[in-house]
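Novice: There's a structure below that I have some questions on.
Numbering (full-length UniProt numbering), first residue to last: 1 to 144.
Below you can see the structure in the form of structure tokens.
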């Protein structure tokens, strides 16, 4: 035995109490509208037209799918290229750091040489002046 009364069954199925086939409000998108394409067609013609429209939509969807597939492949290629560029940049960064370290060491070595050469020059000048002084003193005692 059914759990629903005939009234409940009819309202669930969208029928009126008199057994008509009136749809319930809110369940349909509206009555189909007659168009110039369907105006002179019988049921078979409407069915064929509907099938033709579906085939056209399928073709368009296939074209859209191919386009999306191409875009996906392009995006994957770009992703691989970006990964390669990241690797190249990382290698370049490592080389720049290595070069910077070598330049810093070379700069320190040059500074040390510069400091030593400046001090060496000063000692050379002091020694030369000392020798000149000794020469002047020696001349002072030899020439009286």
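Each residue gets a CB set at the ideal place from its N, CA and C atoms; glycine is no exception.
Considering only the alpha carbon of each residue, which of 68, 65, 37, 67 lies closest to residue 53?
Specialist: Residue mapping note: residue 53 aligns to position 53 of the chain shown, counting from 1. If we check each option's Cα against that of residue 53, 37 comes out closest.
Novice: Should residue 60 and residue 49 be called a contact, given that it needs their Cβ atoms to be closer than 8 Å?
Specialist: What you label residue 60 is simply residue 60 of the chain shown in a count that begins at 1. What you label residue 49 is simply residue 49 of the chain shown in a count that begins at 1. No, these two residues do not count as a Cβ contact at 8 Å.
Novice: Do you know how far the Cα of residue 39 is from the Cα of residue 45?
Specialist: In the chain shown, counting from the first residue as 1, residue 45 sits at position 45. In the chain shown, counting from the first residue as 1, residue 39 sits at position 39. For residue 45 and residue 39, the distance between alpha carbons rounds to 10 Å.
Novice: What three-state label does DSSP hand residue 36 in the structure shown?
Specialist: Within the chain shown, the letter at position 36 stands for residue 36. In this structure, residue 36 counts as coil in the three-state DSSP scheme.
Novice: Does residue 205 come out as helix, strand or coil in the three-state DSSP assignment?
Specialist: For the chain, the structure presents residues 1 to 144; residue 205 sits outside this window and is missing.
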